[in-house]
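Residue numbers (our numbering): 1 to 324. Quick reminder that beta carbons are idealized off the backbone N, C-alpha and C, glycines included. The structure presented is a predicted model; accordingly, all values stated were derived computationally and were not measured. Okay, structure first, notes after.
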Amino acid sequence: MAGGEIWVEKYRPRFLQDVVGNVGAVQRLRACAEDSNMPHIILAGPPGCGKTTSMMCLARTLLGEENMKTGVLELNASDDRGIDVVRHKIKNFAQQKVTLPPGRFKLVILDEAEGMTEAAQQALRRTMETHSATTRFALACNASSKIIEPIQSRCAMVRFSRLQDAEVLDRVLHVCKEEKLEFTDHGLEAIVFTADGDMRHALNNLQSTHNGFGKVTQDNVFKVCDQPHPRKIQGMLRSCVDGEWDDAYAVVRELSDQGYSSGDIISTIFRVLKTYEMPEHMKLEFLKHVGTTHMRITEGVGTPVQFGGLLGMLCQAGQAMKAH
């Protein structure tokens, strides 16, 4: 790797004011830092949008760099987090006497908390109550519904959402400047497209493209990320609007023969369609059909017949709209 360092870590924000996007959520965490007091927190949102990073920034602000080792316990999904870990590791940490600045608390950060078993969550609830005088808990998860109700009611909920394309682009440009990368505008556009609001994904794709090809161009990005090329999908949509089912299906067939999964193809169709230039009412109709097919594929029926049916409906909708 260039420089031997992963850019996701190298450019990870260290303070809350450096966190990109989710202004409202970060604002709430900054308020906790200013009051030097925080409740137990659940941070919910999709991957790569800054949940764990924001929490570590808050911990650094509250406790200071020198107390991070003794005052923060971070457990990830890769660690064993059954009931024994809660009973021993977390409990022991909560009971430890640690010298911290006056009025500050120890912090337990549980990343991907929805991976904990229900028994472990029940045990955690008790520990949260017993040791709340000295220890605060922060649970990061993708879906808050996977956290049991009793824990949800003891925590303040902070919701994160996918990052805006402009926010991802801004950060990617900053990294390009710092690393003195060669890039084209279309190349960066492709990085933002493949990331789909996930900053971690964006920086990993950028570094992979740079390491593999040197220059960040659109074609190089799609070679590295191995996603169906949006240009092909645009051609497919154009055929659907014109009612050319055979041409549209040929694109899907080709992508399928290249080894792309049904999930890859349908999610790329959805993302290309969102920004595709077409009349609004036609786009809504198309999105409805794509959404239904997406659901069926997610449920496990990803056969070529699904795509044949979808393209038939899109062609029909395209022709019906044109006739009006």
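Straight through space, the alpha carbons of Val252 and Arg28 are spaced by roughly 45 angstroms.
Measuring C-alpha to C-alpha distances from Ala123 to each of Thr134, Met157, Phe93 and Val85 identifies Val85 as the nearest. Note that the C-beta distance between Ala25 and Arg159 is below 9 angstroms.
With 16 or more other Cβ atoms inside 10 Å of its own Cβ, Asp111 counts as buried. A residue is called buried when at least 16 other Cβ atoms come within 10 angstroms of its Cβ; Gln227 meets this threshold and is buried. In the structure shown, Leu181 falls within a coil segment according to DSSP collapsed to helix, strand and coil. Bounds of any alpha helix (DSSP H) do not take in Lys106; it lies within the beta strand (DSSP E) bounded by Lys106 to Leu110.
Under the three-state reduction of DSSP, Met157 is assigned to strand. By the Cβ neighbour-count rule, Ala44 is buried, with 16 or more other Cβ atoms within 10 Å of its own. Between Ser161 and Gly103, the C-beta gap is not smaller than 9 angstroms, which leaves the two residues out of contact. Contact between Met313 and His281 is ruled out by a C-beta separation of about 15 angstroms, above the 8 angstroms threshold. Taken in chain order, the unbroken stretches of alpha helix (DSSP H) that lie wholly in the segment 277-324 and span 4 residues or more are 280-298 and 304-323. Taking 9 angstroms as the cut-off, the Cβ atoms of Ile266 and Val221 do not count as close. Straight across, the Cα-Cα distance linking Ile6 with Gly308 is about 42 angstroms. By the Cβ-count criterion, Lys51 is buried, with 16 or more other Cβ atoms from all chains shown falling within 10 Å of its own Cβ. The three-state secondary structure of Leu188, taken from DSSP, is helix. Here DSSP, grouped into helix, strand and coil, assigns Leu58 to helix. Scanning the segment 23-80 from its first residue to its last, the whole beta strand (DSSP E) runs of 3-plus residues come out as 41-44 and 72-75. Within the same chain, Leu16, Leu58, Thr61 and Leu62 come within 8 angstroms of Ala33 by CB-CB distance, once the 5 residues on both sides are set aside. Around the C-beta of Gln218, 16 or more other C-beta atoms lie within 10 Å, and the residue is accordingly described as buried.
CA-CA distance, Val175 to Cys49, rounds to 17 angstroms.
Judged by DSSP secondary structure, Leu273 falls within the alpha helix (DSSP H) whose first and last residues are Ser262 to Lys274. By the criterion of a C-beta distance shorter than 7 angstroms, Asn204 is surrounded in its chain by Val8, once the five residues flanking it on both sides are discounted. Inside the segment 122-148, DSSP marks no whole alpha helix (DSSP H) run of 4 or more residues. Burial is judged here by how many other beta carbons sit within 10 angstroms of a residue's own beta carbon; Ala195 has at least 16 and is buried. Pro39 has its alpha-carbon roughly 7 angstroms from the corresponding atom of Arg136. Ranking Phe105, Thr70 and Val20 by CA distance to the CA of Ser36 puts Phe105 first. In the structure shown, Lys223 adopts helical secondary structure according to DSSP, grouped into three states.
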